[in-house]
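Residue numbers (my numbering): 299 to 482.
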């Protein structure tokens, strides 16, 4: 399994609509960078966020998730409370090839501020907008900027095609459109 280069990512995005919209080069001027890099793609966060709140004293239970645990905010930037987290979605829509798996890593600009981004791998033949988990590990409020880079996606291509893909399994997060909360 090898990491894929900018040439491969560009070809897959243009010829097979793997990333849409696709920025062929890194946009950096005055923003937290996004777009194609040497061995990855820096995705952007949209302007819709779900900020964790304990105002309703709900219990976080992945089997019976209570939507009242979040406040929905649409804005050019959002404040994540200290030691808390938010959910968001990518601006880009992804269509992952059958022989590819992705890993997401945070961007250093946010990591150096104590902001950790967690996204599970995009499995072979998964497609949709990415639900992004943003953790503020600091004791201070933290600002996240919409329409700018948040994390980098690394693409790994296997030397053989998987027997059963995410699409074959009819994965519960296939074709997700907005910020998707936990499903059982």
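The C-beta atom is built at its ideal place from N, Cα and C for all residues, glycine as well.
Residue i - containing beta strand (DSSP E), residue span
i, result
"residue 450", "447-455"
First through last residue of the alpha helix (DSSP H) which encompasses residue i
i, result
"residue 308", "304-314"
"residue 339", "Taken as a continuous stretch (DSSP letters only), residue 339 belongs to no alpha helix (DSSP H), being part of the beta strand (DSSP E) at 338-350."
8 Å Cβ cutoff met for residue i and residue j
i, j, result
"residue 299", "residue 455", "yes"
"residue 434", "residue 373", "no"
"residue 391", "residue 447", "no"
Rounded straight-line distance, which links the Cα of residue j to that of residue i
i, j, result
"residue 341", "residue 357", "31 Å"
"residue 437", "residue 472", "35 Å"
"residue 412", "residue 394", "30 Å"
"residue 304", "residue 322", "9 Å"
"residue 355", "residue 367", "8 Å"
"residue 306", "residue 475", "26 Å"
"residue 485", "residue 315", "This structure does not reach residue 485, given that the chain is present from 299 up to 482, and the question cannot be answered."
"residue 361", "residue 470", "14 Å"
Beta-carbon separation (whole angstroms), residue i vs residue j, contact threshold 8 Å
i, j, result
"residue 429", "residue 385", "6 Å"
"residue 376", "residue 349", "7 Å"
"residue 422", "residue 403", "19 Å between Cβ atoms; not a contact."
"residue 343", "residue 406", "Not a contact, Cβ separation roughly 16 Å."
Residue i classed as buried or exposed, judged by whether at least 16 other C-beta atoms fall within 10 angstroms
i, result
"residue 309", "exposed"
"residue 482", "exposed"
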